[in-house]
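Take a look at the structure set out below.
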Amino acid sequence: MPLRQIVTSFYKAHVTFSDRIFLAFVTFGLISGISLLLLNRFDFHYTAIPLFLPNVPFLSIIQVVLSLLFGCALLIQGMYTRLLSPRSSCFMLAMGFFFCALLINLLFATALQSTPFPPIDQTLAKIDQWMGIDTPSIMAWTHHHPHLHHLFQTAYHSLILQLILSPFLLGLFNTRKSLSVFFIAEVSTFLIGGFIYYFFPTTAPSGIFHSPYFSIAQHDTSMRFYDLHHFLKVPTDKGGLIAFPSFHVVWAILICYAWINKKIIFYPLVFFNLIVIASTVFLGWHYFTDVIGGGVLAIAGIVFAEWAWKKSVATDQNKRQ
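In terms of my numbering, the sequence shown has 412 at position 298, counting the first letter as 1, and numbering is strictly consecutive.
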């Protein structure tokens, strides 16, 4: 049997509609990321560095493709054994989803640095001012309450651990719907939010406000934008990237929603992640406008992912009839 026929047969028999949506976003993210990297290499020549990958050399296109193939191998194994061994299949799918989403996020984030457009921080600050939000004053108040400041710091930096543990645990608990909805929402919102950043970039509050309470990582975020766009050597990959919309807000909401059917985890997580969301403003990482934008984007991603899952279930039922 020709390879093309084998692939087509497997695709029709084992790849659900929601799987196809996820793979389509991964493919789009891969093409978009590589295209933006090549555009910078041959046109803008900004001094972009790989983000969030300390001591790791810049991924070549071949390395990216090989890494994606490994992630896809996990997905294929999970898809093939979905009916034979649902629990092990769900865990394999969780790891495959996680690996592909992580790689696309890292590649796309690195590519987004080379945006040629001017930052919109002054506009975001004016919107905050119109709403009565004064970031330097809020930061000063937070630092004068050390226990609260420590709580916000702990909550803010916990999100990475949540992003790693949640897919792993969802896979162990055999929560297929939650996994599918979470990863479709995550990848789709990251691509949309990434393109918002590319055309309307930000340097974060540390780029326009003066405060002794900004951390080194916060200054690194704004200085990296300045150094890169003045063709200077970028000294660090520390700090964040996208201020508007806030992906701390997006991810905090998506993680909570992923556990909505496990109430014993969901309710404490909602309470804790509300602190995570508040910390983005009280610590000076984000404008309040970023929080609103992140909330809207997260809700849109969840609505879309829920539609994709329901469409997938309906399609599978029609196949069996």
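The beta carbon of each residue, even a glycine, is placed where N, CA and C say it ideally should be. From a predicted model like this one, the values you see are computed outputs, not experimental measurements.
Open item on the list: Once DSSP output is grouped into helix, strand and coil, what is the label at M206?
Closed with: DSSP places M206 in helix when its eight states are reduced to three.
Open item on the list: If distances are taken between C-alpha atoms only, which option among D351, P164, I148 and I369 comes closest to A412?
Closed with: Taking A412 as reference, the option from D351, P164, I148 and I369 with the minimal CA-CA separation is I369.
Task: Residue of K424, G407, H159 and V417 minimising C-alpha distance to G308 - done: Selected option, being the one with the closest Cα: G407.
Open item on the list: Please classify A138 as buried or exposed, where buried requires at least 16 other C-beta atoms within 10 Å of its C-beta.
Closed with: Classification of A138: exposed, given that the 10 Å Cβ count is below 16.
Task: Spatial neighbours of Y381 in its chain, beta-carbon cut-off 8 Å, leaving aside the 5 residues before and after - done: There are no such residues.
TODO: Pick out whichever of I391, I330 and H344 has its Cα sitting closest to the Cα of F158.
DONE: When only C-alpha atoms are compared, the closest one is H344.
TODO: Using alpha carbons as the reference points, say which of S202, A215 and P233 lies closest to S302.
DONE: Taking S302 as reference, the option from S202, A215 and P233 with the minimal CA-CA separation is A215.
Open item on the list: I'd like the list of long-range same chain contacts for Y327, defined as Cβ closer than 6 Å, with 5 residues on each side in sequence excluded.
Closed with: Result list for Y327: M253 and H257, in chain order.
Task: Complete runs of the alpha helix (DSSP H) confined to the region 303-372 [at least 4 residues] - done: Runs of the alpha helix (DSSP H) inside the region 303-372: 330-343 and 361-372.
- [ ] Let me know if V364 comes out buried or exposed under the rule of 16 or more other beta-carbons within 10 Å of its beta-carbon.
- [x] V364 should be labelled buried.
Task: Uninterrupted beta strand (DSSP E) stretches inside the region 403-430 (no shorter than 3 residues) - done: With a minimum length of 3 residues, no continuous beta strand (DSSP E) run stays inside the region 403-430.
- [ ] Let me know the secondary structure DSSP gives V129 once reduced to three states.
- [x] Residue state, collapsed to three classes: coil.
- [ ] Can you say whether R155 is buried or exposed, counting buried as having 16 or more other CB atoms within 10 angstroms of its CB?
- [x] With a 10 Å radius around the Cβ and a threshold of 16 neighbouring Cβ atoms, R155 comes out exposed.
- [ ] Reducing DSSP to helix, strand and coil, say where N154 ends up.
- [x] Residue state, collapsed to three classes: helix.
- [ ] For the region 316-333 and the region 220-232, state whether three or more C-beta atom pairs, one from each stretch, are separated by less than 8 Å.
- [x] Too few Cβ pairs lie closer than 8 Å, so no.
- [ ] Please state whether DSSP places Q227 in a helix, a strand or coil.
- [x] In the structure shown, Q227 sits in coil (DSSP, three-state: anything other than H, G, I, E or B).
- [ ] Could you give the DSSP three-state label for V170: helix, strand or coil?
- [x] The predicted position of V170 is uncertain, since its pLDDT is 47 and thus under 50; no value can be drawn from it.
- [ ] Please say whether Q236 and I322 have beta carbons closer to each other than 8 Å?
- [x] Yes, these two residues count as a Cβ contact at 8 Å.
TODO: Can you give me the Cβ contacts of I367 inside the same chain, cut-off strictly under 7 Å, excluding the 5 residues immediately before and after it?
DONE: Excluding positions up to five away in sequence, the list reads G409 and A412.
TODO: Grab me the residues of I163's own chain with a C-beta within less than 7 Å of its C-beta, minus the 5 sequence neighbours each way, in chain order.
DONE: Apart from the 5 residues on each side of it in sequence, I163 sits with its Cβ closer than 7 Å to the Cβ of V348 and D351 in its chain, given in chain order.
Task: Reference D341; option with closest CA among L183, S202 and T161 - done: When only C-alpha atoms are compared, the closest one is T161.
Open item on the list: On the CB-based measure, 16 or more other CB atoms within 10 Å of its CB, does A428 come out buried or exposed?
Closed with: A428 counts as exposed, since fewer than 16 other C-beta atoms from the protein chains shown sit within 10 angstroms of its C-beta.
Open item on the list: Under DSSP, the alpha helix (DSSP H) around A239 begins and ends at which residues?
Closed with: A239 -> alpha helix (DSSP H) spans D235 to W244.
Task: Span of the alpha helix (DSSP H) around P164 - done: From DSSP, P164 is part of no alpha helix (DSSP H); its letter is neither H nor E.
Open item on the list: According to DSSP, simplified to helix, strand and coil, what is G185?
Closed with: The answer is helix: DSSP assigns G185 an H, G or I state.
Task: Inter-residue Cα distance where the pair is D133 and K291 - done: When the Cα atoms are used, D133 and K291 turn out to be separated by approximately 11 Å.
Task: Same chain, Cβ closer than 7 Å to A239, neighbours up to 5 away in sequence not counted - done: Result list for A239: I322 and Y401, in chain order.
Open item on the list: Looking at the secondary structure, which residues open and close the alpha helix (DSSP H) in which H76 lies?
Closed with: The shown model of the chain, from 115 to 435, leaves out residue 76, and the question about it has no answer.
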